[in-house]
Amino acid sequence: ETGVTQSPTHLIKTRGQQVTLRCSSQSGHNTVSWYQQALGQGPQFIFQYYREEENGRGNFPPRFSGLQFPNYSSELNVNALELDDSALYLCASSWGRDGSTDTQYFGPGTRLTVL
Amino acid sequence: KQEVTQIPAALSVPEGENLVLNCSFTDSAIYNLQWFRQDPGKGLTSLLLIQSSQREQTSGRLNASLDKSSGRSTLYIAASQPGDSATYLCAVRTSGSRLTFGEGTQLTVNP
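Protein sequences, first through last, are from chains U and Z.
Residues in the first sequence are numbered from 55 upward in steps of one, following the numbering used here.
Residues in the second sequence are numbered from 521 upward in steps of one, following the numbering used here.
Right under this line is the structure:
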C-alpha cells in the first residue's frame with residue numbers, strides 16, 4: 055500500500071505567475087482534500103474533491119482551483135500568485151464522501167515560495 | 521464558525537516527564553477529533569482519531585480524551601522522549617468535508 059505523495063517538494067515562483075501542484079492519493083482512496091499552511095499556523099482547508107467533483111470549499115478566492123482525475127490523483131492550481139500564497143500546501147486522502155468516521159492521510163507537502 | 525484553540529503554544533520539558541496538551545473548540549457538533557504530529561517542514565502524521573461518540577483513544581504512550589459537551593480534548597504523553605519533539609495539531613471535523621485545525625503546540629523534550 056503506497057502513501058500519499060506530492061510533487062514537487064519545493065517551488066519558487068514570482069508574483070503574478072501560475073502554479074500547479076500535484077497529489078497522488080493513497081491506494082483505495084477516492085477523496086482528496088487540499089490545505090494551505092502558512093508558517094507557524096495550522097492548516098487551512100482549501101477544497102475537497104470526491105470522485106472528480108468538488109465537495110466543499112473553504113474561504114479561498116476563485117484563483118485557487120483544482121481537479122481530480124479518474125485515478126483519484128489531484129491537482130491544485132493557483133493563478134496570479136501573491137506574496138501571501140507562500141506556504142506549505144498539503145494534500146490529504148481518505149475514503150468516503152462525508153468523512154464522518156475516516157482518518158485523513160496527509161502527504162509530505164509542497165513548499166511554495168512566491169517572490 | 522468553528523474555531524479551534526490549542527494551549528500552550530509551546531512547551532519545553534525534560535525527558536521522562538508526563539505531559540498534557542490541550543485543545544478546545546467552539547462548536548460541539550463534531551463528527552470526530554484528530555490529533556496529528558508534524559515535524560519541521562514536513563507533512564502531518566495522524567496519531568489518534570476519536571469519534572464523537574467516544575471518550576478516549578489510546579496508542580502506546582499516547583492517550584487522547586474528548587469531552588464534546590464542553591468542547592475540549594487533551595492529549596496525554598507518558599514518559600516523554602526527545603523523539604517526541606514536534607508540533608502537535610488538533611483538528612475537528614464538523615458537517616461537510618473539512619478539518620478545522622488549531623495552531624498547534626510546539627513540544628521540545630530535552631535529553
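We put the CB at the ideal spot given by N, CA and C, even for glycine.
This one's a predicted model, so the numbers in the text were calculated from it and none came from an experiment.
Taking U/K67 as part of the beta strand (DSSP E), name the residues at either end of that continuous run. Boundaries of the beta strand (DSSP E) harbouring U/K67: H64 to K67, taken from the DSSP string.
Measuring CB to CB, does Z/T607 end up less than 7 Å from Z/Q558? yes
Can you tell me the Cβ-Cβ gap for U/V73 and U/S128, rounded? I've got them flagged as a contact below 8 Å. At roughly 14 Å, the Cβ-Cβ gap does not stay under 8 Å, so U/V73 and U/S128 are not in contact.
Since U/G161 is in the beta strand (DSSP E), which residue starts that stretch and which ends it? No beta strand (DSSP E) contains U/G161, which DSSP labels as neither H nor E.
Closest by C-alpha distance to Z/F545, when choosing among Z/G603, Z/S590, Z/D604 and Z/V629: Z/S590
With 7 Å set as the bound, which would you pick, yes or no: does the beta-carbon of U/P116 sit closer than that to a beta-carbon of chain Z? no
Exposed or buried, which one is Z/K588 when buried takes at least 16 other CB atoms within 10 Å? buried
Can you find the residues in the same chain that come closer than 7 Å, C-beta to C-beta, to Z/Q601, ignoring five residues on each side of it along the sequence? If the five residues before and after Z/Q601 are omitted, its C-beta is found closer than 7 Å to the C-beta atoms of E535 and V629, all from its own chain and listed in chain order.
Classify Z/T614 as buried or exposed, calling it buried when 16 or more other Cβ atoms lie within 10 Å of its own Cβ. Buried, by the Cβ-count rule.
For Z/R618, count neighbouring Cβ atoms within 10 angstroms of its own Cβ and tell me buried if that reaches 16, exposed if not. That one is buried.
Quick one: complete beta strand (DSSP E) runs, 3+ long, within the region 96-162 of chain U? Listed in chain order, the complete beta strand (DSSP E) runs (minimum 3 residues) inside the region 96-162 of chain U are 98-104, 107-111, 118-122, 128-132 and 141-148.
Please identify, using Cβ separations under 9 Å, the residues of the region 539-572 of chain Z that lie next to chain U, in order along the chain. For the region 539-572 of chain Z, residues whose beta-carbon sits nearer than 9 Å to a beta-carbon of chain U comprise Y551, N552, Q554, F556, Q558, G561, K562, G563, L564, T565, S566, L569, Q571 and S572.
Checking contacts by CB at 7 Å: is Z/L595 closer than that to chain U? no
Taking only beta-carbon atoms, is U/L181 less than 7 Å away from chain Z? Residue coverage of chain U in this structure runs from 55 to 169, which leaves residue 181 of chain U outside it and unanswerable.
Three-state secondary structure (DSSP) of Z/P602: helix
Of the listed residues Z/I527, Z/N538 and Z/L553, nearest to Z/A611 (C-alpha basis): Z/L553
Do U/P162 and Z/F621 count as a contact pair if the criterion is CB distance below 7 Å? no
Are at least three pairs of beta-carbons, each pair with one atom in the region 109-128 of chain U and one in the region 77-84 of chain U, less than 8 Å apart? Result yes; three or more Cβ-Cβ pairs closer than 8 Å.
Cutting at 8 Å between CB atoms, please list the residues of its own chain near U/Q91, excluding the five before and the five after it. P97, Q98, A141, L142, Y143, L144 and G163
How is Z/A618 classed by DSSP in three states: helix, strand or coil? Note on residue identity: the sequence assigns Arg, not Ala, to residue 618 of chain Z. Three-state result, Z/R618: coil.
Once DSSP output is grouped into helix, strand and coil, what is the label at Z/A530? strand
Which whole-angstrom value is the C-beta distance of U/K67 and U/L121, which I expect to be below 8 Å? With 8 Å as the limit, U/K67 and U/L121 do not qualify as a contact, their Cβ atoms being about 19 Å apart.
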